[in-house]
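Going by UniProt numbering, 78 is the number at position 78 of the sequence shown; the sequence numbering is gapless. Glycine included, each C-beta is placed from N, C-alpha and C at the ideal position.
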Amino acid sequence: MIVREPDGPPPAKKRRAEAPEAPVDGLSEKDLVKCSKTMSYWLRHATAAVDAGGWMAIHDVAEKCGQSVLTVKTAVARDNKNRFQLSEDELFVRARKGHSTSKGKKCAGPSGNGEVE
């Protein structure tokens, strides 16, 4: 009886590299990451900056990041871990999780009653 050695596992398929998304406002992916990290701080840990539900006006967030409102919206949209949430009218943004204070855990809308003001 002849025993054959197994050839081993089939070669792993190579993944196609995803094309980098086009910059917004001339910003690189690095700039969007920096904006995301700044948003994380302000929305999760800076208690004076957010309302009782953790919401902050998007133009205030943009100012804190030193970026445009479009950049903030893009950073929220491209966040693959779903860390942030825009209000229905896209005038407010909040962190979904990771708060170091009790703010952001109480309500669904900027007004405190589940509705967007």
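Spatial neighbours of residue i in its chain, beta-carbon cut-off 7 Å, leaving aside the 5 residues before and after
i: S100; result: R44 and H45
i: S36; result: A75 and D79
i: A95; result: S40, L43, R44, G54, R83, F84 and G104
Whole-angstrom distance between residue j and residue i, CA atom to CA atom
i: Q67; j: T38; result: 11 Å
i: L27; j: S87; result: 24 Å
i: E29; j: K81; result: 16 Å
i: D31; j: A77; result: 14 Å
i: K97; j: V33; result: 18 Å
Own chain residues within Cβ distance below 8 Å of residue i, not counting five before or after
i: E90; result: I58 and K73
i: M56; result: W42, L43, A49, V50, F92, V93 and R94
Proximity to residue i [Cα-Cα], best of the options
i: V61; options: K34, E88, V93 and K30; result: V93
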